[in-house]
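Asker:
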Amino acid sequence: MNPKLLFWVPVTLRLAFGALGVGVLWWWLGPMTALWSALVLVLGMALVQLHYLFQLSGWLDNPQSAKLPDGWGEWTPVFSRLYRMRRDDEKNQAELTEWLARFRQAMHLLPDGVVIMDDVLFLEWCNPAAEEHLGLRQERDKGMRVTNLVRSPDFMDYLILGRYDQPLTLSFRGRKLIVHIIPFENRRQILVTHDITETERTDMMRRDFVANASHELRTPLTVIVGFLEIAASEQLDKETRQAHLKLMMEQGHRMQHLIEDMLTLSRLESLDHPMRSERVDIGKLLLRVQRDAQALSAGKHEITLDVQGGDLMGSGEELYSAFGNLAANAVRYTPAGGTIHLRWEDTASGVRFVVRDNGIGISPEHISRLTERFYRVDKSRSRETQGTGLGLAIVKHVLLRHSGTLTIESEPGKGSTFTVNLPKSLAAAPQLSHAA
């Protein structure tokens, strides 16, 4: 029904019944009584309207806590609609609060930093990623100017110039950030920060890897190609030719070892080659490692082996590669006459493989970088000993696949100790022997 009709029909009926009552009193008791009755009726109706107006005014002053009256007459639908409006408003407010909480939760989980500023760059809100990237604190810095919080000339120039169509690459607090400002609404701006530190580091590692690999391959190729050119252009005597062939074979073997190590690293890092766990006979594996180290040493070192622990669950070939690289490094960097001790033992937290030598040792500033690809403490000595510079990188990736860690203790001139720690969960259950 039309809302106007809903309002005016009851009002008209009440006025008609009032007029009818006054008319009856006029006919029955006379005009004076009817007039006084009409006056009292009008005053009563006015007082009722004023009463409900007062209640409505009180409710408007405090609509959240004040209770709406039930109403009478024309006030009944008015208060009913106000009640429905308040109920809908409370429902909308609850939904808005829920959506706001979800939005803030989503912003908290974003890896990118988000800062909301007003038009004069005062901080209104920021998520934890922005706090980490820019050194902000929501509770401490809210209401402060962002340019006073992020002290960087490049950042200030970017804000002052207002050329937001292109992002800014910013180096700040040891991080490499991509900063972008997005104006929204009339008086607010969003500052978004994306951390590319790890991406830059990975790209640099890839560039260094390509450059180092190219350099390492170019050196033996230059030797081989040079000797081949000499052999093709000159008549060499047998002794010279044999010497050249020997050098070319050495350089060829060096390239072969380098490529094999590069392929091993690629396989260890690839998700397409998951580790195949098997029971590894540690005694046999370490005997192979010891024999390989003795062959590399050619009798120049004393290499001992002590096995005091049980077998392991893991990849036998990967562990053989890791342990073999550690033993080979000990041989390469221990002068003739030195001693190298290999030890396998159980510990309270797991199992441990230790390679200890009394070689040339390593300075402290080099230790943290030893597992980087192609990193060498002494490049000339590494080439003399036929090292590829990838051995410890292979060790690191093998241990990552076995949830293990590598610790290095060394002192220049006194030797080094490389310790592989593997978790107890990899220890194989003892095999039961059966009587014949």
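Numbers 1 to 436, taken from full-length UniProt numbering, label the letters of the sequence shown in order.
For glycine and all other residues, C-beta sits at the position ideal for the given N, C-alpha and C.
Starting from the Cα of D306, find the closest Cα among E317, E198 and K284 and give me that residue.
Answerer: Of the listed residues, the one whose Cα sits closest to D306 is K284.
Asker: Per DSSP, E411 is paired with what?
Answerer: According to DSSP, E411 bridges with G415.
Asker: What number of angstroms, rounded off, separates the C-alpha of G83 from the C-alpha of M45?
Answerer: For the record, residue 83 in the displayed sequence is Tyr; it is not Gly. Cα-Cα distance, rounded: 23 Å.
Asker: With three or more C-beta pairs closer than 8 Å as the rule, is the segment 137-145 touching the segment 157-167?
Answerer: No: the two stretches stay apart, fewer than three of their Cβ pairs being nearer than 8 Å.
Asker: Looking at the unbroken beta strand (DSSP E) that takes in H194, where does it start and where does it end?
Answerer: Note, H194: beta strand (DSSP E), R188 to D195.
Asker: In whole angstroms, what separates the C-alpha of T405 from that of N421?
Answerer: Using only the alpha carbons, I get a separation of about 5 Å.
Asker: For L268 and E216, which I take to be in contact (beta-carbon distance under 8 Å), what is that distance rounded to the nearest angstrom?
Answerer: With 8 Å as the limit, L268 and E216 do not qualify as a contact, their Cβ atoms being about 19 Å apart.
Asker: What number of angstroms, rounded off, separates the C-alpha of N325 from the C-alpha of G391?
Answerer: Spanning the two alpha carbons is a distance of roughly 5 Å.
Asker: Look up A327 in the DSSP assignment and say whether it is helix, strand or coil.
Answerer: The answer is helix: DSSP assigns A327 an H, G or I state.
Asker: Kindly list the residues whose CB is nearer than 7 Å to the CB of D311, restricted to its own chain and excluding five residues on each side of it in sequence; keep chain order.
Answerer: Only R279, V280, D281, I282 and A428 meet the Cβ criterion.
Asker: State buried or exposed for S382, treating a residue as buried only when at least 16 other CB atoms are found within 10 Å of its CB.
Answerer: For S382, the pLDDT reaches just 49, beneath the cut-off of 50, and the residue's location in the model is therefore unreliable, although a value from the coordinates is still provided. Burial call: buried.
Asker: At which residues does the alpha helix (DSSP H) containing G283 begin and terminate?
Answerer: Unbroken alpha helix (DSSP H) run through G283: I282 to S297.
Asker: Between the beta-carbon of F122 and the beta-carbon of R145, is there less than 8 Å?
Answerer: Yes, Cβ-Cβ distance for F122 and R145 is below 8 Å.
Asker: Mapping DSSP to helix, strand and coil, what is E124?
Answerer: Three-state DSSP puts E124 in a strand.
Asker: Taking its Cβ as the centre, do 16 or more other Cβ atoms sit within 10 Å of I117, making it buried, or is it exposed?
Answerer: For the record, residue 117 in the displayed sequence is Met; it is not Ile. With 16 or more Cβ atoms within 10 Å of its Cβ, M117 is classed as buried.
Asker: If distances are taken between C-alpha atoms only, which option among H402, V225 and R356 comes closest to M313?
Answerer: The option with the nearest alpha carbon to M313 is H402.
Asker: Which residue wins for smallest C-alpha separation from F353, given the options G309, I360 and E317?
Answerer: Cα-wise, what sits closest to F353 is G309.
Asker: By alpha-carbon positions, which one of W28, A19 and W59 ends up nearest to V42?
Answerer: Nearest of W28, A19 and W59 to V42, Cα basis: A19.
Asker: Run through the segment 149-224 for me and flag every whole beta strand (DSSP E) of 3 or more residues, listed as ranges in chain order.
Answerer: If we require 3 residues or more, the beta strand (DSSP E) runs fully inside the segment 149-224 come out as 168-172, 175-184 and 188-195.
Asker: Can the beta-carbon of A322 be found less than 8 Å from the beta-carbon of L426?
Answerer: It is not a contact, given that the beta carbons lie outside the stated cut-off.
Asker: Less than 7 Å between C-beta atoms, sequence neighbours within five positions excluded: which residues of the same chain meet that for Q166?
Answerer: Taken in chain order, the list of residues that qualify is empty.
Asker: Using CA coordinates, which residue listed in F418, I394 and S410 is at the minimum distance from P364?
Answerer: Taking only the C-alpha atoms, the option nearest P364 is S410.
Asker: Alpha carbons only, please: which of A232, V120, L247 and N358 is nearest the one belonging to N186?
Answerer: Of the listed residues, the one whose Cα sits closest to N186 is V120.
Asker: Where does the unbroken beta strand (DSSP E) through I360 begin, and where does it stop?
Answerer: Where I360 is concerned, there is no enclosing beta strand (DSSP E), given that its DSSP letter is neither H nor E.
Asker: Which first and last residues belong to the alpha helix (DSSP H) in which T240 is found?
Answerer: Here the alpha helix (DSSP H) through T240 covers K238 to E269.
Asker: Within 10 Å of its beta-carbon, does I340 have 16 or more other beta-carbons around it, so buried, or fewer, so exposed?
Answerer: Looking at its Cβ environment, which holds 16 or more other Cβ atoms inside 10 Å, I340 is buried.
Asker: In angstroms, rounded to a whole number, what distance separates the CA positions of D88 and E95?
Answerer: Taking the straight line from one Cα to the other gives about 10 Å.
Asker: Give a yes or no on whether the C-beta atoms belonging to D195 and R175 are separated by under 8 Å.
Answerer: Contact flag set, yes.
Asker: Rounded to the nearest angstrom, what separates E302 and K414 at their Cα positions?
Answerer: Approximately 16 Å, taken between the alpha carbons.
Asker: Is the separation between the beta-carbon of Y333 and that of G359 shorter than 8 Å?
Answerer: In contact: Y333 and G359 (Cβ atoms closer than 8 Å).
Asker: Which stretch, first to last residue, makes up the beta strand (DSSP E) that contains Q308?
Answerer: It spans E302 to Q308 - the beta strand (DSSP E) in which Q308 sits, taken as one unbroken run.
Asker: Return the chain-ordered list of same chain residues with a C-beta closer than 8 Å to the C-beta of W36, the five sequence neighbours on each side being excluded.
Answerer: Excluding positions up to five away in sequence, the list is empty.
Asker: State buried or exposed for N148, treating a residue as buried only when at least 16 other CB atoms are found within 10 Å of its CB.
Answerer: Result: exposed.
Asker: Taking C-beta to C-beta, are L370 and I394 nearer than 8 Å?
Answerer: For L370 and I394, no; Cβs fall outside 8 Å.
Asker: According to DSSP, which residues form a beta bridge with I116?
Answerer: Beta-bridge pairing links I116 to W125 and I190.
Asker: Looking at A293 and A243, is the spacing between their C-beta atoms short of 8 Å?
Answerer: No; because the gap between Cβ atoms is not below 8 Å, this pair is not in contact.
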